[in-house]
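Trainee: Each number in the working numbering comes from the position in the sequence shown (counting from 1) with 408 added on. A virtual CB, placed ideally from N, CA and C, is assigned to each residue, including glycine. Since this is a predicted model, take the numbers as computed values, not measurements. Below you'll find the structure I mean.
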Amino acid sequence: MKPPVKMMLIYLDETDVFGTGPLYEAIVRRLRQLGVRGATVVTGMMGFGAHLKVHRKRLFGISDDKPVVITVVDSEPVIREILPEIRGMVKEGLVVLVDAEVIDPIDEAEA
409 MKPPVKMMLI YLDETDVFGT GPLYEAIVRR LRQLGVRGAT VVTGMMGFGA HLKVHRKRLF
469 GISDDKPVVI TVVDSEPVIR EILPEIRGMV KEGLVVLVDA EVIDPIDEAE A
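Right under this line is the structure:
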């Protein structure tokens, strides 16, 4: 991946839907179709957003609506190209772009 590199962070609620399934799943599947290098979905233990409702794990690990973050890293042109489509899928979540630097793994010959 060549600079400039962007990281897109997409903040959602676990219960957000797109069509008949989870929004986070629809976004990851669409990112794959669009040829993005990779995406990771992580659920949070606690958080709040624009509505100021605190989301957290409750007794026995049952959630009242956990926060979810999708992280995507690719070249800036790729991220900018897919951004309008992804933003169109996210109705109440937050989409953030951050400048990033990709650190290549150490070559075994150098180690």
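(1) Give the DSSP-derived three-state secondary structure of Gly496 in the structure shown.
(2) Would you mind sorting Lys499 into buried or exposed? The rule is 16 or more other CB atoms within 10 Å of its CB.
(3) Does DSSP put Ile511 in a helix, a strand or coil?
(4) What residues in its chain sit with their C-beta under 6 Å from that of Val503, if we drop five residues either side in the sequence?
(5) Just curious, the alpha helix (DSSP H) that Val436 is in, first and last residue?
(6) When the distance is taken between beta carbons, is Asp482 closer than 8 Å to Lys410?
Mentor: The short version:
(1) helix
(2) exposed
(3) coil
(4) Ile418 and Arg495
(5) Leu431 to Gln441
(6) no
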